[in-house]
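A quick write-up on the structure given underneath.
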């Protein structure tokens with residue numbers, strides 16, 4: 039779904055806003071269903087577990103319907119974002135998702151070194167020396183601060199096992 | 054008079070060279086903890102508790118309380134510089150602090166935040182010194198209906214005073230309540246809204262939501278315009294600090310009001326987070342520059358920071374005088390006291406005078422030392438803004454991931470953080486306010502518990518929320534805040550009809 043203003047293309051704000059209202063409304067329906075399963079009546083212990091969230095779900099659906107109507111009735115036709123802008127967003131979001139997805143397998147230190155290195159080299163166009171310095175330095179500092187100083191264990195992978203960390 | 058003598062004796066204890074050294078170390082550690090998302094004051098104090106085992110009890114508690122002050126100061130730094138609240142009570146500081154940093158006023162924002170923190174804490178310490186037993190006795194009268202009424206007032210203030218469309222605020226807030234309800238029901242022990250997913254048994258932690266919504270969401274928004282970082286023009290030096298100090302006395306009323314709100318919320322004990330939100334909301338409504346709140350208004354930094362510190366400090370009052378901690382960090386401090394064989398409560402003031410007054414005196418000194426340390430470091434903190442975004446962005450993302458992971462040591466939480474990041478990006482672009490969502494996640498459990506306990510006591514009759522003067526007044530204030538816009542518009546219409554002059558256009562007419 040595209041819209042055009044000043045020759046630029048991208049999804050229209052109106053449609054994305056309607057979509058977001060629908061998604062929130064759907065979340066409200068899920069909350070209502072879950073609450074009914076947990077019980078929305080009055081038990082021996084007073085209001086049952088689903089009592090409070092049930093009404094919250096109703097409020098979510100009601101507010102979303104109003105937000106959906108007002109989004110569809112809006113007269114403006116501006117863009118949510120240009121495709122090029124969304125491309126920039128995806129250039130961070132996709133590697134971030136890969137970084138997070140890799141974490142349980144190769145650990146936080148290696149995945150963050152790869153992520154920082156990729157980001158700096160590909161998007162920042164830095165020299166390899168600077169890239170290596172930051173990409174390796176940051177996980178080392180992280181290790182010292184969190185694991186050694188504050189005794190907060192972070193996810194590790196095969197490399198840390200090899201190094202005996 | 055006896056209290057004053059005891060306090061002077063306390064100063065003599067706190068001013069011992071070893072205790073001063075312990076104060077400085079505590080503040081520095083606390084600032085670091087406050088800056089790192091996911092650690093937090095309570096965790097920081099708990100983690101560093103073993104460091105103090107070899108110290109005398111007074112020095113130990115001075116160090117732990119100074120870590121607490123440091124964490125309170127540190128929370129503002131990442132909020133202002135990167136829009137990532139290091140602590141939940143720093144969320145409201147991001148609303149105006151971050152826009153100020155983007156406009157090149159990071160130094161002003163940080164100076165205002167630190168100074169306001171100091172003022173709020175000082176107010177609360179003076180209050181603790183003077184009225185400790187009296188106020189704590191009053192707080193004991195707070196039952197579930199009164200507690201719910203306070204939460205109700207905070208939530209209604211957000212809906213009624215929000216600059217975003219009311220139903221978007223309602224949708225965002227209710228979404229927060231729903232997220233807070235996921236997991237184990239604290240009253241019945243029953244599982245709800247988990248739909249069979251074991252990862253959801255613990256529910257959604259507000260810190261993961263906050264890190265995603267604010268930290269990741271902001272990076273995604275910033276990336277729309279490529280790698281140009283908007284805060285890079287910040288100029289920081291001593292002149293900026295002094296200029297900001299010259300400007301701050303103009304907002305004395307905001308500081309005073311926020312200090313009172315903070316003390317009240319700290320003792321009751323609603324805590325520093327609702328105190329900061331409520332203080333921000335009221336300042337926005339009362340201020341002449343209210344319309345500019347959210348766009349980089351210095352008053353929008355002063356109000357939440359003053360209230361958060363006043364509340365954080367005031368939370369120690371019931372801990373010391375009654376043995377009832379007013380905040381999670383106060384609870385950890387209480388644990389520390391018990392380790393040294395000190396039983397907090399009224400008898401502590403009688404049996405351990407030196408300890409109690411040494412601690413109170415160290416609160417005064419610790420905050421002065423804290424202010425000096427953080428202000429001296431302002432140029433260092435603000436220099437971070439000059440680092441290119443293509444280096445800062447991945448580092449922030451990694452720090453966010455660490456913060457999210459360290460909450461429950463779960464990689465699922467890191468994935469959840471990323472999902473919240475995308476939600477934050479979409480909601481922000483679609484003009485949904487994020488603050489009510491976070492507030493509801495933070496307070497949803499407590500508000501629901503107070504609500505259900507009240508209904509249980511009244512056998513389902515809603516009249517319990519108007520059953521006495523105190524609860525009725527707070528609820529009525531909440532309803533006024535909720536319907537503030539129509540009340541205001543109706544009043545304006547009546548006034549224009551009475552004077553015969555046409556009413557100025559616009560919803561914000563006052």
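Protein chains in written order, with my numbering: chain A, 39 to 203; chain B, 54 to 563. Note that the Cβ used here is the ideal one computed from N, Cα and C, for glycine as well.
Go ahead and label residue 311 (chain B) buried or exposed: buried means 16 or more other beta carbons lie within 10 angstroms of its beta carbon, across all protein chains shown. buried
Apply the 10 Å Cβ neighbour rule to residue 396 (chain B) and answer buried if 16 or more other Cβ atoms are within range, or exposed otherwise. With fewer than 16 Cβ atoms within 10 Å of its Cβ, residue 396 (chain B) is classed as exposed.
Which of helix, strand or coil DSSP assigns to residue 423 (chain B): helix
Three or more C-beta pairs closer than 8 angstroms, one from the stretch 103-118 of chain A and one from the stretch 50-64 of chain A: is that the case here? yes
So residue 513 (chain B) contacts chain A; which residues on that side make the cut at Cβ distance below 9 angstroms? 80, 84 and 85
CB contact flag (residue 306 (chain B), residue 364 (chain B), <8 angstroms): no
Ignore the nearest five residues each way along the sequence and tell me which others in residue 389 (chain B)'s own chain have a CB closer than 8 angstroms to its CB. 98, 102, 105, 113, 114 and 117
Residues of the stretch 53-64 of chain A with a CB closer than 7 angstroms to any CB of chain B: list them in chain order, please. 54, 55, 58 and 62
Please name the residue in B:410, B:369 and B:159 whose C-alpha comes closest to that of residue 315 (chain B). B:369
Using only the alpha-carbon positions, how far apart do residue 274 (chain B) and residue 209 (chain B) sit? 29 angstroms
Considering residue 242 (chain B), what are the terminal residues of the alpha helix (DSSP H) in which it resides? Where residue 242 (chain B) is concerned, there is no enclosing alpha helix (DSSP H), given that its DSSP letter is neither H nor E.
Near-chain A residues of the stretch 115-144 of chain B (beta-carbon distance less than 7 angstroms), N- to C-terminal order: none
Does the beta carbon of residue 468 (chain B) sit closer than 8 angstroms to a beta carbon anywhere in chain A? yes
Compare the beta carbon distance of residue 270 (chain B) and residue 477 (chain B) with 8 angstroms and say whether it is the shorter of the two. Going by C-beta atoms, residue 270 (chain B) is nearer than 8 angstroms to residue 477 (chain B).
What does residue 102 (chain B) reach in chain A if we use C-beta pairs closer than 7 angstroms? Chain-order list of chain A residues neighbouring residue 102 (chain B): empty, with the shortest C-beta distance near 11 angstroms, by a criterion of under 7 angstroms.
Boundaries of the alpha helix (DSSP H) in which residue 183 (chain A) is found, first to last residue: Segment: none, residue 183 (chain A) is in no alpha helix (DSSP H) and carries neither H nor E.
Residue 80 (chain A) bridges to which residues according to DSSP? A:85
3-residue-minimum beta strand (DSSP E) runs that sit fully inside the stretch 98-164 of chain B, ordered along the chain: none
Could you check how far apart the C-beta atoms of residue 66 (chain B) and residue 411 (chain B) are, in whole angstroms? I think they sit under 8 angstroms. Indeed they touch by this definition, with Cβ atoms about 4 angstroms apart.
Kindly indicate if chain C contains any beta-carbon less than 8 angstroms away from that of residue 538 (chain B). The structure shown contains no chain C; its protein chains are A and B.
Contact criterion: CB-CB distance below 8 angstroms. Does residue 145 (chain A) meet it with respect to chain B? No, no contact with chain B.
Any idea if residue 400 (chain B) is buried or exposed, counting beta-carbon neighbours within 10 angstroms, 16 or more meaning buried? Around the beta carbon of residue 400 (chain B), fewer than 16 other beta carbons lie within 10 angstroms, which makes this residue exposed.
Closest by CA to residue 101 (chain A), which one among B:518, B:338, B:458 and B:226? B:226
Chain-ordered chain A contacts of residue 209 (chain B) [CB-CB under 9 angstroms]: The contacting residues do not exist; residue 209 (chain B) stays about 13 angstroms from chain A at best.
Flag residue 148 (chain A) as yes if its beta-carbon sits less than 8 angstroms from any beta-carbon of chain B, otherwise no. no
Which residues of chain A have a Cβ atom closer than 9 angstroms to the Cβ of residue 482 (chain B), listed in chain order? 51, 54, 55, 58, 118 and 119
Just to confirm the assignment, what range does the alpha helix (DSSP H) spanning residue 453 (chain B) have? That run of the alpha helix (DSSP H) goes 442-461.
is_contact[residue 455 (chain B), chain A] using C-beta, thresh 8 angstroms: Residue contact check for residue 455 (chain B) against chain A: a CB pair falls below 8 angstroms.
Are any of the Cβ atoms in chain B nearer than 8 angstroms to that of residue 166 (chain A)? no
Which of helix, strand or coil DSSP assigns to residue 161 (chain A): helix
Go through its chain and collect everything with a Cβ distance to residue 247 (chain B)'s Cβ below 8 angstroms, but skip five positions before and after it. 235, 236, 253 and 254
Determine the chain B residues that contact residue 135 (chain A) at a beta-carbon separation under 9 angstroms, and present them in chain order. 468 and 471
Going by Cα to Cα distance, which pick from B:133, B:474 and B:505 is closest to residue 515 (chain B)? The candidate whose alpha carbon is nearest that of residue 515 (chain B) is B:505.
Within the continuous alpha helix (DSSP H) that includes residue 504 (chain B), where are the two ends? 488-511
Residue 88 (chain A) versus residue 81 (chain A) - alpha carbon distance: 11 angstroms
Helix, strand or coil at residue 117 (chain A) [DSSP, three-state]: strand
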